[in-house]
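Engineer: Here it is, the structure in full.
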Amino acid sequence: MSQSQERHLFIPGPATAEPEVLEALAEPIRPHYGPDFVALYNDCRARFKQVLRTDNDLFLIVGPGTAALDAAFVSALPDGSRALVPANGLFGARVADMLRANRCDVEEMQFDLGQPIDSDQVAERLREGKFDVVAWVHHETSTGVLNPVEPICRVARETGTLTIIDTISSLAGTELAVDDWGIDLCVSVANKGLAAPPGLAAISVSERAWEAIDRNPQTRGWYLDLRTWRRYDGDWADWHPYPTTVPTGILAAVDTSLRMILAEGLDRRIVRTRDAASRVREGLRQLGFGMFVDDDFASPITTAVHPHPDFPVGEMIVALREQHGIYISGGLGDLAGEIFRIGHMGRAIEKEETDLLLETIAGLLARRQAQKESAGVEGASV
Ligand SMILES: *Cc1c(COP(=O)(O)O)cnc(C)c1O
24 MSQSQERHLF IPGPATAEPE VLEALAEPIR PHYGPDFVAL YNDCRARFKQ VLRTDNDLFL
84 IVGPGTAALD AAFVSALPDG SRALVPANGL FGARVADMLR ANRCDVEEMQ FDLGQPIDSD
144 QVAERLREGK FDVVAWVHHE TSTGVLNPVE PICRVARETG TLTIIDTISS LAGTELAVDD
204 WGIDLCVSVA NKGLAAPPGL AAISVSERAW EAIDRNPQTR GWYLDLRTWR RYDGDWADWH
264 PYPTTVPTGI LAAVDTSLRM ILAEGLDRRI VRTRDAASRV REGLRQLGFG MFVDDDFASP
324 ITTAVHPHPD FPVGEMIVAL REQHGIYISG GLGDLAGEIF RIGHMGRAIE KEETDLLLET
384 IAGLLARRQA QKESAGVEGA SV
């Protein structure tokens, strides 16, 4: 058995892809232009729009999710734009860092780790301040908390504030409706909930976002400027709608993954994701683990867990990986050593996979507890 077949990814992205998706990734190289490519690109975009529930323009940008976030900031926000960033974890703080790097004037609103952003407080601040943009994370992957989107977008429309949302980890794992919620620039990626290989980011652009982009007198580079993407999509639509070379295998793999998810049904996929999270939470509780996030706010996409008193988190992560090929994540930033995280994405949502995870943790824990007891008995007899 090859190494890759033995690897069980329970990290919050990237996720283990289905064999059909990996087969598509390995297709022979094809040109990034011409009728064959145009059909693939446009089909893949149409399916991506279905998953995001949007009719807005959408571009697929080769790069990590972060590239599409930069594309939003570069295109729509001239130097000195006033940005409000509600944040409750590492990825929210990253959004603020990225906006500062794009020379925006950033006001951060900090919410507690493990608690969702309070949309009433954000609404109040939006109404009193004069912000050009409000940007935040839908699913805070560092703690496994879902943040509100629609109520903040509603107020932002009233106050004339642009909305930029990082849905990198929430896509296909929980409800997300770009048009119904009124998201102006929605950024996502293919290698988390869609369980495709890393390498492709997505961004949808509302009419209001295009107006802001067209008002921006400035440029900050070429590749990530959405005006470049719109120009190629228009002028060269029928033969070369993409501005650069494309690793076409990734596009084929993402398209395969999208087709499989849409064939299953997005709603069903979301229910199965939630069920996987419930099984893992329940199973770990039975083993004596405590959850970092209350059930009321816990996301279905990532579960953050306090370490077991008998099993330091670093040792547990290494034992799972080295002895069983099971990959889970630790805590980030201030939460390093304080929690571990389990992603519910891709093959990790299958019952056989969550069973394997729980049985393996139970076995490792039982072995440790037995060792501790025998050490205790020996210690007592000395
Ligand atoms: C994973 C993640 C990112 C980073 O995505 P990249 O593809 O590595 O750029 C950003 N935000 C959130 C919420 C994430 O989960």
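All residue numbers for the sequence shown refer to our numbering, where the first residue is 24 and numbers rise by one. Note that beta-carbon positions come from the ideal geometry of N, C-alpha and C, so glycine has one too.
For the candidate residues GLU401, PRO37, VAL97 and VAL61, whose alpha-carbon lies nearest to that of TYR265?
Structural biologist: Counting from 1 along the sequence shown, the entry for residue 265 is found at position 242. When each option's Cα is compared against that of TYR265, the closest is VAL61.
Engineer: For GLY272, which residues from the same chain have a beta carbon less than 6 Å from its beta carbon, with the 5 sequence-adjacent residues on both sides left out?
Structural biologist: Taking the first residue of the sequence shown as 1, we reach residue 272 at position 249. Here the set comprises LEU48 and GLU50.
Engineer: Would you mind listing the alpha helix (DSSP H) stretches within the stretch 265 to 312 that are 4+ residues and don't spill past its ends, in chain order?
Structural biologist: Whole alpha helix (DSSP H) segments, 4+ residues: 271 to 287 and 289 to 309.
Engineer: If you count every other CB in all the chains shown that lies within 10 Å of the CB of VAL44, and 16 or more means buried, which is it?
Structural biologist: Stepping through the sequence shown from its first residue, residue 44 is reached at position 21. Looking at its Cβ environment, which holds 16 or more other Cβ atoms inside 10 Å, VAL44 is buried.
Engineer: What are the uninterrupted segments assigned as alpha helix (DSSP H) that are 4 or more residues long and contained completely in the stretch 107 to 133, given in chain order?
Structural biologist: Those alpha helix (DSSP H) runs which fall completely within the stretch 107 to 133 and span 4+ residues are 113 to 124.
Engineer: Alpha carbon to alpha carbon, how far is ILE34 from ASP141?
Structural biologist: In the sequence shown, counting from the first residue as 1, residue 34 sits at position 11. In the sequence shown, counting from the first residue as 1, residue 141 sits at position 118. Rounded to the nearest angstrom, the two C-alpha atoms are 27 Å apart.
Engineer: Got a sec: does ligand 1 put a non-hydrogen atom nearer than 6 Å to the Cβ of ASP120?
Structural biologist: By one-based count along the sequence shown, residue 120 stands at place 97. No, ligand 1 has no heavy atom inside 6 Å of this Cβ.
Engineer: Residues in the same chain with beta-carbon distance under 8 Å from LEU310, minus the five sequence neighbours each way, listed in chain order, please.
Structural biologist: In the sequence shown, residue 310 corresponds to position 287, counting from 1. For LEU310, where only same-chain residues beyond five positions count, the Cβ hits under 8 Å are HIS331, LEU381, ILE384, ALA385 and LEU388.
Engineer: Using the rule of at least 16 other Cβ atoms within 10 Å of the residue's Cβ for burial, across every protein chain shown, is ASP318 buried or exposed?
Structural biologist: To locate residue 318, count along the sequence shown from 1; it is residue 295. Answer is exposed; the Cβ neighbour count stays below 16.
Engineer: Straight-line CA distance for VAL74 to GLU396?
Structural biologist: Residue 74 sits at position 51 when you count from the first residue of the sequence shown. Residue 396 sits at position 373 when you count from the first residue of the sequence shown. Taking the straight line from one Cα to the other gives about 51 Å.
Engineer: Have a look at LYS215, ASP290, SER227 and ASP357 and flag the residue whose alpha-carbon is nearest the alpha-carbon of ASP207.
Structural biologist: As a working mapping, residue 207 is identified with position 184 in the sequence shown. The candidate whose alpha carbon is nearest that of ASP207 is SER227.
Engineer: Just reading off the alpha helix (DSSP H) that ILE175 is part of, what are its end residues?
Structural biologist: Against the sequence shown, residue 175 aligns to sequence position 152. It spans 173 to 182 - the alpha helix (DSSP H) in which ILE175 sits, taken as one unbroken run.
Engineer: Does any C-beta atom of chain D lie closer than 7 Å to the C-beta of LEU107?
Structural biologist: Of the protein chains in the structure, only one exists, and it is not chain D.
Engineer: Helix, strand or coil for ALA40, going by three-state DSSP, please let me know.
Structural biologist: Position 17 of the sequence shown, counted from the start, is the residue given in the question as residue 40. ALA40 falls in the coil class under three-state DSSP.
Engineer: Where do the N-terminal and C-terminal ends of the beta strand (DSSP E) with ALA224 fall, by residue?
Structural biologist: Start at 1 with the first residue of the sequence shown, and residue 224 comes out as number 201. Per DSSP, ALA224 belongs to the beta strand (DSSP E) from 223 to 228.
Engineer: Return the bridge partner residues of VAL400 from the DSSP annotation.
Structural biologist: Your numbering for residue 400 matches position 377 in the sequence shown. None; VAL400 has no bridge partner.
Engineer: Nearest to GLY137 by CA position, among VAL400, ALA393, LEU355 and MET121, is which residue?
Structural biologist: If you number the sequence shown from 1, residue 137 lands on position 114. When each option's Cα is compared against that of GLY137, the closest is LEU355.
Engineer: Taking only three categories from DSSP, how would you classify LEU92?
Structural biologist: Within the sequence shown, residue 92 is the residue found at index 69, counting from 1. Correct three-state label for LEU92: helix.
Engineer: Could you tell me whether the stretch 106 to 122 touches the stretch 217 to 225, where touching means 3 or more Cβ pairs closer than 8 Å?
Structural biologist: These segments do not touch.
Engineer: Thinking MET121 and PHE96 are a contact (beta carbons under 8 Å), I'd like their distance in whole angstroms, please.
Structural biologist: One-based indexing of the sequence shown puts residue 121 at position 98. One-based indexing of the sequence shown puts residue 96 at position 73. Sure, about 6 Å apart at Cβ, within 8 Å.
Engineer: Any heavy atom of ligand 1 closer than 6 Å to the Cβ of PHE33?
Structural biologist: Position 10 of the sequence shown holds residue 33. Checking every heavy atom of ligand 1 against the Cβ of PHE33, none is found closer than 6 Å.
Engineer: If LEU199 and THR190 are in contact, beta carbons under 8 Å, what's the gap, nearest whole angstrom?
Structural biologist: Translated into positions along the sequence shown, residue 199 becomes position 176. Translated into positions along the sequence shown, residue 190 becomes position 167. Their Cβ separation, rounded to whole angstroms, is 6 Å, which keeps LEU199 and THR190 in contact under 8 Å.
Engineer: Helix, strand or coil for TYR350? Go by DSSP, reduced to three states.
Structural biologist: Taking the first residue of the sequence shown as 1, we reach residue 350 at position 327. Three-state DSSP puts TYR350 in a strand.
Engineer: With burial defined as no fewer than 16 other Cβ atoms inside 10 Å of the residue's Cβ, what is the status of GLU401: buried or exposed?
Structural biologist: The residue you call residue 401 lines up with position 378 of the sequence shown. When all chains shown are included, GLU401 counts as exposed.
Engineer: Within this structure, are the beta carbons of GLU151 and GLY348 separated by less than 7 Å?
Structural biologist: Looking up residue 151 in the sequence shown gives position 128. Looking up residue 348 in the sequence shown gives position 325. Cβ distance not < 7 Å, so GLU151 and GLY348 don't count as in contact.
Engineer: Candidates ARG254, ARG391 and ARG292: which alpha carbon is nearest ASP333's?
Structural biologist: Taking the first residue of the sequence shown as 1, we reach residue 333 at position 310. If we check each option's Cα against that of ASP333, ARG391 comes out closest.
Engineer: Quick check: is any heavy atom of ligand 1 less than 6 Å from the C-beta of SER322?
Structural biologist: Working through the sequence shown from its first residue, we reach residue 322 at position 299. Checking the Cβ of SER322 against ligand 1 gives no.
Engineer: Should ALA299 be labelled buried (16 or more other beta-carbon atoms within 10 Å of its own) or exposed?
Structural biologist: Here residue 299 is taken as the residue at index 276 of the sequence shown, counted from 1. So ALA299 ends up on the buried side.
Engineer: In three-state terms, what does DSSP make of GLN392?
Structural biologist: If you number the sequence shown from 1, residue 392 lands on position 369. DSSP places GLN392 in helix when its eight states are reduced to three.
Engineer: Three or more C-beta pairs closer than 8 Å, one from the stretch 321 to 331 and one from the stretch 160 to 169: is that the case here?
Structural biologist: These segments touch.
Engineer: Could you tell me the distance, in whole angstroms, from the CA atom of MET24 to the CA atom of ARG177?
Structural biologist: Taking the sequence shown and counting its residues from 1, one reaches residue 24 at position 1. Taking the sequence shown and counting its residues from 1, one reaches residue 177 at position 154. Summary for MET24: the model assigns pLDDT 43, below 50, so the residue's position carries little reliability, and this model does not support an answer.
Engineer: What is the DSSP secondary structure of ILE464, reduced to helix, strand or coil?
Structural biologist: The question about residue 464 has no answer here: the residues shown for the chain are numbered 24 through 405.
Engineer: Taking all protein chains shown into account, do 16 or more other C-beta atoms lie within 10 angstroms of the C-beta of GLY57, making it buried, or fewer, making it exposed?
Structural biologist: Position 34 of the sequence shown, counted from the start, is the residue given in the question as residue 57. So GLY57 counts as exposed.
Engineer: Name, in chain order, the residues that DSSP records as bridge partners for SER165.
Structural biologist: Taking the first residue of the sequence shown as position 1, residue 165 is located at position 142. None, per the DSSP bridge assignment.
Engineer: Do VAL201 and THR296 have their C-beta atoms within less than 7 Å of each other?
Structural biologist: In the sequence shown, residue 201 corresponds to position 178, counting from 1. In the sequence shown, residue 296 corresponds to position 273, counting from 1. No. Outside cutoff.
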